[in-house]
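Asks: Before I ask anything, let me first share the structure, which is written out below as structure tokens.
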Amino acid sequence: MKQFSFSIMHSWRTPLHYACAYGNPAVVALLVKRKCSVDLCDSDGNTPLMKALQYEEEECAIILLEHGANPNIHNNKGETPLHYVIFYRNTLIATKLLSSNADIEAKNTSGQTPLLLAIKKNR
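Heads up: the sequence shown begins at -7 in the numbering used here, then just goes up one per residue.
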């Protein structure tokens, strides 16, 4: 148990981060219903929404967006949720992010915007 607690504290990941990464929408729904913060960042600056998108857990991402997750938070690399979506070609989530006012011109630390990445990757 100590090792698990250390792991959570060391990475600053919350149960919501883990539920999203491991694709458990029932737990995600329960946690947001219980008013867990949907925008807390882990040690890499990733929010639960970013973790859901990183592991292609669409249902978890939709739950978070429906409960007010901010689509414009930048992680330590300057990436936003929209940057992740470009790599995974998920048009449904891209549409939901844009409907939630995601910034298509947000730059990562390499100066790349989601729009530029989409054009470069022909997506």
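For each residue, glycine too, the CB sits at the ideal point set by N, CA and C.
#1: By the three-class DSSP mapping on this structure, what secondary structure does Lys27 have?
#2: Would you mind reading off the limits of the alpha helix (DSSP H) that contains Lys73?
#3: Within 10 Å of its beta-carbon, does Asp34 have 16 or more other beta-carbons around it, so buried, or fewer, so exposed?
#4: Please state whether the Cβ-Cβ distance between Ser118 and Gly60 is less than 9 angstroms.
#5: Please list, in chain order, all residues of the same chain as His9 whose beta carbon is under 7 angstroms from its beta carbon, the five residues on each side excluded.
Replies: Taking the definition as stated:
#1: As a position in the sequence shown, residue 27 is number 35, starting the count at 1. Coil at Lys27, not helix or strand.
#2: Walking along the sequence shown from the start, residue 73 turns up at place 81. Checking the sequence shown, residue 73 turns out to be Pro, not Lys. Per DSSP, Pro73 belongs to the alpha helix (DSSP H) from Pro73 to Tyr80.
#3: In the sequence shown, residue 34 corresponds to position 42, counting from 1. So Asp34 counts as buried.
#4: Look at the range of the chain in this structure, -7 to 115, and you will see that residue 118 is not part of it.
#5: For the purposes of this step, residue 9 is identified with residue 17 of the sequence shown, where counting begins at 1. Answer for His9: Asp34, Pro40 and Lys43, listed in chain order.
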